[in-house]
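As structure tokens, the structure follows; a few thoughts come after it.
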DNA sequence: CCCGTGACTGGCA
DNA sequence: ATGCCAGCCACGG
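Numbering (the numbering used here), first residue to last: 10 to 121.
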């Protein structure tokens, strides 16, 4: 193993979120499950509370319905604007086609 | 130490 | 298909 997975749960979340490709989104549950805590979806969201000081694309993390549940934690409509800026189309005012843009954290090790 | 809250999810009505 | 309830884990007061 590597010394890179010694990080705390929060750090792991930041690492995963940081690997989300542009134009793609993932869910809290997917990240939690990837970290080995299937029921830790809430913890992921909680962890992202500290992402304020991090330079990670937390706006690419939506809930399993594709809704921008965390938009209220962003200034104004930054979350929605950023996603649209990356070419993501909205199926609703604050909802996207999650099945169309879904990205799995397991693709991190994918050799392209 | 105990209680409440939260950027969630799945199941049931 | 939509809405409500309960389960989860971690952290702050």
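Glycine is no exception: its CB is placed at the ideal position from the N, C-alpha and C atoms.
Self-check item: Pick from 27, 34, 17 that is closest to residue 52, judged by C-alpha positions
Solution: To locate residue 52, count along the first chain from 1; it is residue 43. Nearest option by C-alpha distance: 17.
Practice problem: Pull up the DSSP beta-bridge partners for residue 70, would you. | Solution: Within the first chain, residue 70 is the residue found at index 61, counting from 1. Residue 70 is bridged to 35.
Quiz item: How would you call residue 74, buried or exposed, if buried means at least 16 neighbouring beta carbons within 10 angstroms?
Solution: On the first chain, residue 74 is found 65 positions in, with the first residue counted as 1. Exposed, because fewer than 16 other Cβ atoms sit within 10 Å of the Cβ of residue 74.
Quiz item: Alpha carbon to alpha carbon, how far is residue 28 from residue 114?
Solution: For the purposes of this step, residue 28 is taken as residue 19 along the first chain, with counting starting at 1. For the purposes of this step, residue 114 is taken as residue 105 along the first chain, with counting starting at 1. Rounded to the nearest angstrom, the two C-alpha atoms are 8 Å apart.
Exercise. Confirm, please, whether the CB-CB distance from residue 91 to residue 68 is below 8 Å.
Key: Stepping through the first chain from its first residue, residue 68 is reached at position 59. Stepping through the first chain from its first residue, residue 91 is reached at position 82. Yes, they are a contact pair.
Quiz item: residue 98 by DSSP, collapsed to three states: which one?
Solution: Mapped onto the first chain, residue 98 falls at position 89. Coil, per DSSP.
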